Amino acid sequence: MELKRVVVTGLGALTPIGNTKDEFWEGLISGKSGAAPITYYDTEKFKTKFACELKNFNVTDFIDRKESRRMDKFAQYAMVAADEAIEDAKLNLDQVDKLRVGVIWGAGIGGLETFQNEVLNFAAGDGTPRFNPFFIPKMIADIAPGNISIKHGFMGPNYTTVSACASSANAIFDALNSIRLGHTDVVVTGGSEAAVTIAGMGGFNAMHALSTRNESPETASRPFDGTRDGFVLGEGAGALVLEEYEHAKARGAKIYAECIGGGLSSDAYHMTAPHPEGIGVIAVMKNCLKNAGLKPEDVDHINTHGTSTPLGDVAELKAISEVFGSHAKNININSTKSMTGHLLGAAGAIEAISVILAMENGIIPPTINHTTVDENIDPELNLTLNKAQKRDIKVGMSNTFGFGGHNACVVFKKLD
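Heads up, the sequence shown is in my numbering, so the first residue is 13 and it goes up one at a time.
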């Protein structure tokens, strides 16, 4: 069967450097850091005292107070970003066939704060299990797309992909395939996460995964830098409206880019560490290129997973050199996590949006906070260090990897 073409017609972003897609883009190209001391709880006894929290965000500006109290933060964030993307796409909800509109969402953890608070409240009580009746529906990872579909009446496929930090890239690939195969006309996709909590920060600290650069949080996320010491946890959501090309064209929709392929693979190596030679990462990028019908030399830009961990950054760049060969030095490589921090299950969606906006505007956002060369990284690679660079991008790729060895990659093309 002939696969249908899939395009991006709407974007929504709620991030530590901007609460809309336009604010997010301005933050990216200006090299803005979203890291700052944590305000949500007392960090005195924690190793890491900073994160990339949302700024100036009040959920009741977007969601009724009573309704918002029935949602964990990760679901609130999902609703806000999805609503922006749907509005941006200018979907006429009275005219679309809602049986053919799906919501496929990614979340690596889900309602962590809800779970944490309910358990702490129980532990502080007399042993009587007085749990909030909304405990389970607030916590479960699939409630975010459920809420989005309930609000808008979308009755197509509705589920959450869970593959740790690769979750929302997995969701985008699933959404792409749903439309390609003719099952849906439109899919709202993306991801959200809200893990800047006592449990989230404590757990990642116990793994020695987080930066402890407490004296200078704004420079702590430093992918590819020789002094990097771990990632900076972020929160937020990213949403994309994917649409069948003829469906979008028929209604005169603005088209940002074409989503032309994706790939998946597994490291099959370790629970949390990447394979040192990047074998799974090599496989996922090759799978993505094959799925999209591309040659390595077609790619202009790669937004890396680039978390700022000592092992992960080196392994990913080795893999890029292996897959792209001599063309690797011609690719603008960057890591927007240097600004947003690591949004876990939302990372893939936010970084896909960055690739799409970079393509639309002809500008590659920088990898900020780079001061020290890492001798383990090929100096010929263009890592777009510290300053945005102009570039006509015809094809852009986004890499996302998760604990458990999950690898996902999606690729976008400027519409011909």
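The beta-carbon is built from N, C-alpha and C at its ideal position, and this holds for glycine as well. Bear in mind that the values here come from a model prediction, so they are computed numbers and not experimental data.
Please say whether residue j and residue i have beta carbons closer to each other than 9 Å?
i: Leu124; j: Phe86; result: yes
i: Gly246; j: Gly416; result: no
i: His418; j: Leu329; result: no
i: Val20; j: Ile267; result: yes
i: Ala90; j: Gly22; result: no
i: Arg234; j: Asn104; result: no
i: Leu397; j: His382; result: yes
i: Gly250; j: Gly24; result: yes
i: Val198; j: Val108; result: yes
i: Gly318; j: Asn299; result: no
i: Ile98; j: His164; result: yes
Going by the DSSP bridge assignment, what does residue i pair with across the sheet?
i: Asn315; result: Asn346 and Ser410
i: Ser175; result: Cys177
i: Glu387; result: BP columns for Glu387 are empty, so no partner.
i: Phe36; result: Phe36 is not bridged to any residue.
i: Gly337; result: In the DSSP output, where bridge partners are listed per residue, Gly337 has none listed.
i: Thr243; result: A quick correction: the sequence has Phe, not Thr, at residue 243. Beta-bridge pairing links Phe243 to Leu222.
i: Val20; result: Leu254 and Ala269
i: Leu132; result: DSSP, once it has assigned bridges, lists no residue as partnering Leu132.
i: Leu397; result: Thr379
i: Leu26; result: Ala249
i: His354; result: Leu245
What number of angstroms, rounded off, separates the C-alpha of residue i from the C-alpha of residue j?
i: Val335; j: Phe58; result: 40 Å
i: Gly120; j: Gly357; result: 4 Å
i: Val422; j: Phe134; result: 42 Å
i: Ala178; j: Glu56; result: 31 Å
i: Thr348; j: Lys78; result: 35 Å
i: Leu15; j: Leu193; result: 6 Å
i: Ala420; j: Tyr53; result: 33 Å
i: Gly238; j: Lys44; result: 21 Å
i: His259; j: Gly168; result: 16 Å
i: Glu289; j: Met151; result: 37 Å
i: Gly408; j: Phe143; result: 47 Å
i: Met283; j: Gly414; result: 9 Å
i: Leu66; j: Met13; result: 44 Å
i: Ser333; j: Val326; result: 11 Å
i: Thr321; j: Ile29; result: 21 Å
i: Thr60; j: Thr231; result: 14 Å
i: Glu35; j: Ile368; result: 15 Å
i: Asn388; j: Asp310; result: 26 Å
i: Asp73; j: Arg82; result: 16 Å
i: Gly337; j: Asp390; result: 12 Å
i: Ala218; j: His339; result: 40 Å
i: Asp386; j: Phe166; result: 49 Å
If residue i sits next to residue j, beta carbons under 8 Å apart, how far is it from one beta carbon to the other, in whole angstroms?
i: Ala48; j: Pro308; result: In fact, because the Cβ distance is near 39 Å, the residues do not count as touching under 8 Å.
i: Thr27; j: Thr379; result: No, Thr27 and Thr379 are not in contact; Cβ-Cβ is about 16 Å, not under 8 Å.
i: Ile362; j: Leu355; result: 6 Å
i: Ala93; j: Ser204; result: 7 Å
i: Gly287; j: Ile376; result: In the sequence as displayed, the identity of residue 287 is His instead of Gly. Contact flag wrong, Cβ pair sits at about 27 Å.
i: Gln401; j: Asn344; result: 6 Å
i: Phe185; j: Gly118; result: So it is not a contact: roughly 10 Å between Cβ atoms.
i: Val18; j: Leu188; result: 5 Å
i: Leu427; j: Glu270; result: 5 Å
i: Pro149; j: Thr172; result: That pair is no contact at about 13 Å.
i: Ala359; j: Ser180; result: 7 Å
i: Asn170; j: Gly122; result: With a Cβ gap of about 15 Å, Asn170 and Gly122 do not count as contacting.
i: Asp470; j: Ala206; result: Here the chain comprises residues numbered 13 to 428, so residue 470 is not present and cannot be evaluated.
i: Ala331; j: Val293; result: 4 Å
Does residue i have its Cβ less than 9 Å from a Cβ in chain D?
i: Asp186; result: Of the chains in the structure shown, none is chain D; there is only one protein chain.
Of all the beta strand (DSSP E) runs that stay within the bounds of the region 260-318, which reach a length of 3 or more residues? Counting only runs of 3 or more, we get 269-278 and 313-315.
Sequence ranges, alpha helix (DSSP H) only - wholly within the region 85-121, length at least 4: DSSP assignment within the region 85-121 yields the following whole alpha helix (DSSP H) runs of 4 residues or more, N-terminal first: 85-101.
Going along the chain, which unbroken runs of the alpha helix (DSSP H) with 4 or more residues stay wholly within the region 44-84? With a minimum length of 4 residues, the continuous alpha helix (DSSP H) runs that stay inside the region 44-84 are 77-80.
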